[in-house]
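Just so you know, we're using this note's numbering here: the sequence shown kicks off at 382 and counts up by one.
No residue lacks a Cβ here, since even glycine has one placed at the ideal position from N, Cα and C.
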Amino acid sequence: MKIPRHIAIILDGNRRYAKKRRLQPWKGHEAGADNVKKLADWAIELGVKELTLYTFSTENFDRTKREKAFLFNLFRKKFRELKDSRDDIELGVFGNFSRFPKDVQKTLNRIAKKGKKKKKLVINFAMGYGGRAEIVNAVQELVKKKISSRKINENMIKNYLYLKNDPEIVIRPGGEVRTSNFLMWQSAYSEWFFTNKLWPEFTKKDLVKVIAEYNSRERRFGK
């Protein structure tokens, strides 16, 4: 079975997971964060080299102050835990960090600027991220460079995107069948998989099933 190098996942369904169990919403977020740690192990075991996780969207800033406060604390804790406990994983983050608390911004910027080392797995966390905003940001960077419009091509735009590597697979747990502004450029020719499993319920067996189905598809890249 051919193992994809890069898999992206929309981490959807944490709050519904908690609601099903009559728990507070943040309990669902904790369960989702714990499943990310398991996902890292599954990816390494299977030979996946890169994961990109839709962790916090631009729209998520509209949630209640209480829920956001919990999420920000969770980010502080979990990023520190991952950094301190896993020397086989390279962490990366991308997005617009300006609306996060200052200390969270510092943490994210420190991870974002960290040089890539040879590790078993790279995990990219999309934080304060929106696919449209990413493309707008890339165009703005090109304008700053005063590059002639006639010289602008796809490769040039790609060089100014937050995420440079396109995923072969994008998975959305949680039962929603939409892309939700995630990796609009990079996922143009990715294979999308939608599952009713909520993210905290997603298992290694589910991941293997997705990869097996990926192997049965013929990727045509728009041809």
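Excluding the 5 residues flanking residue i on each side, which residues of the same chain have their C-beta closer than 8 Å to its C-beta?
i, result
"residue 363", "Residue 363 is absent from the model: the chain starts at 382 and stops at 604."
"residue 523", "533, 537, 538, 541"
Here's a check: name, in chain order, each residue in its chain whose Cβ is nearer than 6 Å to the Cβ of residue i, leaving out the five neighbours to either side.
i, result
"residue 474", "489, 492, 493, 506, 508"
"residue 573", "551"
"residue 590", "none"
"residue 596", "382, 383"
For residue i, which residues from the same chain have a beta carbon less than 7 Å from its beta carbon, with the 5 sequence-adjacent residues on both sides left out?
i, result
"residue 546", "387, 431"
"residue 611", "Nothing about residue 611 can be read from this structure; the chain reaches only from 382 to 604."
In whole angstroms, what separates the C-alpha of residue i from that of residue j?
i, j, result
"residue 503", "residue 422", "12 Å"
"residue 581", "residue 530", "45 Å"
"residue 436", "residue 396", "13 Å"
"residue 450", "residue 599", "44 Å"
"residue 444", "residue 452", "10 Å"
"residue 479", "residue 486", "7 Å"
"residue 568", "residue 549", "8 Å"
"residue 448", "residue 405", "10 Å"
"residue 420", "residue 585", "7 Å"
"residue 401", "residue 457", "27 Å"
"residue 577", "residue 544", "27 Å"
Per DSSP, residue i forms a beta bridge with which residues?
i, result
"residue 438", "510"
"residue 553", "575"
"residue 505", "433, 473"
Just to confirm the assignment, what range does the beta strand (DSSP E) spanning residue i have?
i, result
"residue 569", "Careful: residue 569 lies outside any beta strand (DSSP E) and carries neither H nor E."
"residue 472", "470-475"
"residue 425", "Taken as a continuous stretch (DSSP letters only), residue 425 belongs to no beta strand (DSSP E), being part of the alpha helix (DSSP H) at 406-427."
"residue 390", "387-391"
What are the boundary residues of the alpha helix (DSSP H) that includes residue i?
i, result
"residue 528", "From DSSP, residue 528 is part of no alpha helix (DSSP H); its letter is neither H nor E."
"residue 538", "535-539"
"residue 492", "483-494"
"residue 592", "585-597"
"residue 478", "Looking at the DSSP string, residue 478 is not in any alpha helix (DSSP H), and its letter there is neither H nor E."
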